[in-house]
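Okay, so the sequence shown: first residue is 2 according to the numbering used here, each after it adds one.
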Amino acid sequence: MTRIFSGVKPTGHLTLGNYLGAVRRWAGTDQHRADALFCVVDLHALTVEHDPARVRRLSRQAATLLLAAGIDPALCTVFVQSHVDEHARLSYVMECTATDGELRRMIQYKEKSARARAAGESVRLSLLTYPALMAADILAYGTDEVPVGDDQTQHVELTRDLAVRFNQRYGHTFVVPKATRPEVAARVMDLQEPTSKMGKSHAATAGIVYLLDEPEVVRKKIMRAVTDSGREVEYDREEKPGVANLLDVLAACEGGNPEELAGVYESYGALKKDTAEAVVELLRPVRERHAELAADPGYVDQVLKEGAERARGMARPTVDAAYRAIGLLPAG
Ligand code: TYM
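This is the structure:
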């Protein structure tokens with residue numbers, strides 16, 4: 002059976018981008034067609050300035066939202082990364098497989114480290130080594146497919162390279178995974194700055210729709226989205242990124258094709274109104290279910306505990322095999 006692994010990082014509240022690019026697919030098709038693991042990757046949240054209490058809170062919230070989005074622990078494994086030691090154990094081996102040059106080439110490292118330096122902040126070493134940990138997350142489970150948004154494909158490509166290199170040097174140990182992306186909305190853009198990705202860790206929030214935003218807030222953010230000069234509703238990501246983004250979001254909500262949808266609209270206002278309503282309706286059941294689940298943290302904790310036990314059992318043999326293959330003496 003196909004093995005799927007993917008994760009979300011608790012560095013901020015989950016956004017419409019996380020939902021359309023990743024979580025919706027995990028809950029929709031992935032968990033039904035494969036043996037799937039979905040992980041709140043909390044170790045990754047420590048790679049930038051963080052507040053410990055907030056990371057804890059956001060980790061529980063992210064896990065609750067995954068369940069609220071319809072991920073069913075009876076069908077797949079839901080857990081928190083730091084509950085399973087195998088991730089950190091294998092991460093070191095991946096650091097010994099990757100090169101300094103490879104990690105420095107990662108776009109996210111370049112962008113985030115430049116931003117931190119410009120703000121006069123120090124850059125944590127873990128920001129550079131992050132993709133080695135991400136490779137460990139994926140490879141520990143013999144993963145075939147990694148459903149992610151566009152911004153993560155470079156990290157999955159690196160994971161493939163590391164798996165191939167390790168297997169060639171030390172003998173076949175890892176399955177070589179591949180990224181899968183959604184047909185539309187693989188990169189949802191910020192509503193105020195449609196040339197940048199909608200990202201949960203951004204400081205300015207007017208362009209970001211959060212999954213737990215009230216309907217009125219969602220409407221306001223979408224109605225105020227930056228569009229482009231001109232009046233024609235056309236799907237042109239280069240020339241009209243704001244309008245193209247709204248068309249992508251609407252198409253993702255309604256199952257249509259953004260180019261075809263463009264022909265239906267005669268004004269930006271009408272497009273915004275329909276997009277706002279479509280997003281409100283898409284998120285309504287998730288918000289409602291989240292409120293129910295948040296009232297029962299004991300249930301979420303139990304799901305995470307069972308998930309971690311299952312995940313540990315799956316990862317252990319692969320990580321042990323990697324330790325042996327690379328030359329570490331087995332204990333006892
Ligand atoms: P993270 O937490 O930034 O995002 C979680 C998922 O949401 C997708 N995504 C988007 N998709 C479309 N449009 C957007 N604006 C948008 N923003 C985010 C991401 O592509 C991702 O699929 N490094 C990962 C977490 C991770 C991981 C892993 C993923 C750690 N280990 C192993 C897969 C497998 C990250 O920071 O995702």
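Heads up, the beta-carbon is just placed ideally off N, CA and C, and yes, glycines get one too.
Keep in mind the model is a prediction, meaning the values are calculated, not measured.
Residue range of the beta strand (DSSP E) that includes residue i
| i | result |
| --- | --- |
| Ala37 | Asp36 to Val41 |
| Val9 | Arg4 to Val9 |
| Lys273 | Not the beta strand (DSSP E): Lys273 falls in the alpha helix (DSSP H), residues Tyr269 to Ala295. |
Closer than 7 Å: residue i CB and nearest ligand 1 heavy atom
| i | result |
| --- | --- |
| Val189 | yes |
| Val147 | yes |
| Ala70 | no |
| Ile139 | yes |
| Lys222 | no |
| Phe6 | yes |
| Gln153 | yes |
| Lys113 | no |
| Ala54 | no |
| His203 | no |
| Asn168 | no |
| Ala1 | For residue 1 there is no data in the structure shown, the boundaries of the chain being 2 and 333. |
| His45 | yes |
| Asn258 | no |
One or two residues paired with residue i in a DSSP bridge
| i | result |
| --- | --- |
| Val81 | Val41 |
| Thr16 | Tyr211 |
| Met190 | Lys198 |
Residue range of the unbroken alpha helix (DSSP H) whose run includes residue i
| i | result |
| --- | --- |
| Arg181 | In the sequence as presented, Arg is not what sits at residue 181; that position holds Thr. Where Thr181 is concerned, there is no enclosing alpha helix (DSSP H), although the beta strand (DSSP E) it sits in stretches over Lys179 to Thr181. |
| Val147 | Careful: Val147 lies outside any alpha helix (DSSP H), inside the beta strand (DSSP E) at Glu146 to Pro148. |
| Asn1 | Absent from the model: residue 1. The displayed extent of the chain is 2 to 333, so no value can be given. |
| Val304 | Pro298 to Ile327 |
| Gly102 | Asp101 to Arg105 |
| Ser60 | Pro53 to Ala69 |
| Thr174 | Looking at the DSSP string, Thr174 is not in any alpha helix (DSSP H), and its letter there is neither H nor E. |
| Asp73 | Counting along the chain, Asp73 falls outside any alpha helix (DSSP H), and DSSP gives it neither H nor E. |
| Asn246 | Pro242 to Glu255 |
| Glu217 | Pro216 to Met224 |
Cutoff 7 Å; reference residue i; Cβ partners in own chain excluding five residues on either side
| i | result |
| --- | --- |
| Pro11 | Val41, Asp43, Ala46, Val56, Leu59, Ser60 and Ala63 |
| Asp275 | Leu251 |
| Ile108 | Gln155 |
| Ala28 | Ala70, Gly71 and Ile72 |
| Glu87 | Ala141, Arg313, Ala316, Arg317 and Val320 |
| Ala226 | Leu192, Gly243, Leu247 and Lys273 |
| Ala136 | Met95, Leu159, Thr160 and Leu163 |
Residue i CB to nearest heavy atom of ligand 3 below 7 Å
| i | result |
| --- | --- |
| Leu305 | Among the ligands present in this structure, namely ligand 1, ligand 3 is not found. |
Nonlocal neighbours in the same chain, by C-beta distance under 8 Å from residue i, ignoring five residues either side
| i | result |
| --- | --- |
| Glu122 | Glu50 |
| Ile139 | Phe6, Val147, Val157, Thr160 and Pro178 |
| Val280 | Leu17, Val210, Val219, Ile223, Val250 and Cys254 |
Same chain, Cβ closer than 6 Å to residue i, neighbours up to 5 away in sequence not counted
| i | result |
| --- | --- |
| Arg90 | Val320 |
| Met315 | Tyr142 |
| Gly172 | Ala326 |
Margin query: Does the structure place the region 78-89 close enough to the region 297-307 that three or more beta carbon pairs sit under 8 Å?
Written below: yes
Tell me whether the region 184-201 and the region 245-258 touch, counting them as touching only if at least three CB pairs, one residue from each stretch, are closer than 8 Å.
yes
- With a cut-off of 8 Å, do at least 3 Cβ pairs link the region 277-296 to the region 63-76? yes
| Any chance the region 295-302 sits against the region 264-271, with 3 or more Cβ pairs inside 8 Å? | no
*asked:* I'd like to know if the region 16-36 and the region 94-108 are in contact, where contact means that at least 3 CB-CB pairs between them fall below 8 Å.
replied: no
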